[in-house]
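What follows is a short report on a single structure.
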Amino acid sequence: MKFKKRKFMRYFGFSLIITFFSSLNPLKASSKKIINPNLSKEQKNIMFNESTEKPFSSKLLNEKRNGYYHCANCGAKLFASDSKFDSGTGWPSFSKSLPGAFKTKIDYSFGMKRIEYHCAQCGAHHGHVFDDGPTKTQKRFCNNGLCLIFKPE
Ligand SMILES: [Zn+2]
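Encoded structure:
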């Protein structure tokens, strides 16, 4: 009887350890991963080497239709069209992202302290978020157009 109890406790302990490690899996899932095999060299440079596209180069700057903006790598839904605005910066800009779309990280490159954000699903770099947005969210998500795929509704 005593032995059985001990055995049970041992399995119980193992299952706790397994539960603990599987709860860490979302972190693994967010590590950078190329999912779309058709990404161009420039897209890969932006999404996985933190490069930035040339300002005013994105076709999405003039996109005004209703719909959603998805991650060009994994397809996750990131922004709704009603949060898009013309910031004049030359990059597609949004006042808010969809809940849970991104994870942020502080970026100290170029002698500046900026908040960069990554797709929560695939870890691809998308852009930087600033606190000078024109709407009540006060956020300005400055996104590389090449990282986005627009799907009209
Ligand atoms: Zn993604």
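Add 73 to the 1-based position in the sequence shown for my numbering, that's all there is to it.
Note that CB positions come from ideal geometry on N, CA and C, so glycine has one too.
Keep in mind the model is a prediction, meaning the values are calculated, not measured.
* In terms of residue numbering, what span does the alpha helix (DSSP H) encompassing residue 183 cover? -> As a first step, residue 183 must be located in the sequence shown, where it is residue number 110. Per DSSP, residue 183 belongs to no alpha helix (DSSP H) and is neither H nor E.
* For residue 133 versus residue 221, is the C-beta distance shorter than 8 Å? -> As a first step, residue 133 is located in the sequence shown; it is residue number 60 there, counting from the start. As a first step, residue 221 is located in the sequence shown; it is residue number 148 there, counting from the start. Closer than 8 Å, so yes.
* Helix, strand or coil for residue 117, going by three-state DSSP, please let me know. => In the sequence shown, residue 117 corresponds to position 44, counting from 1. In the structure shown, residue 117 sits in a helix (DSSP, three-state: H, G or I).
* Would you call the CB atoms of residue 171 and residue 137 closer than 8 Å? -> For this step, residue 171 is matched to residue 98 along the sequence shown. For this step, residue 137 is matched to residue 64 along the sequence shown. Residue 137 is positioned such that its CB atom lies no closer than 8 Å to that of residue 171.
* What is the DSSP secondary structure of residue 109, counted as helix, strand or coil? -> By one-based count along the sequence shown, residue 109 stands at place 36. Coil.
* Where residue 139 falls: helix, strand or coil (DSSP) -> Walking along the sequence shown from the start, residue 139 turns up at place 66. DSSP places residue 139 in coil when its eight states are reduced to three.
* Whole-angstrom distance between residue 198 and residue 190, CA atom to CA atom -> Translated into positions along the sequence shown, residue 190 becomes position 117. Translated into positions along the sequence shown, residue 198 becomes position 125. Computed Cα separation, rounded: 6 Å.
* Do the region 105 to 116 and the region 172 to 183 meet, that is, are 3 or more Cβ pairs less than 8 Å apart? -> No, the region 105 to 116 is not in contact with the region 172 to 183.
* Inter-residue spacing [alpha-carbon to alpha-carbon] between residue 120 and residue 210 -> For the purposes of this step, residue 120 is taken as residue 47 along the sequence shown, with counting starting at 1. For the purposes of this step, residue 210 is taken as residue 137 along the sequence shown, with counting starting at 1. The straight-line gap from Cα to Cα measures roughly 25 Å.
* Using the beta-carbon count (16 or more within 10 Å), is residue 168 buried or exposed? -> Your numbering for residue 168 matches position 95 in the sequence shown. So residue 168 ends up on the buried side.
* **Neighbour flag for residue 148 against chain C, beta carbons, 8 Å** => Although the question refers to chain C, the structure presented lacks it and comprises just one protein chain.
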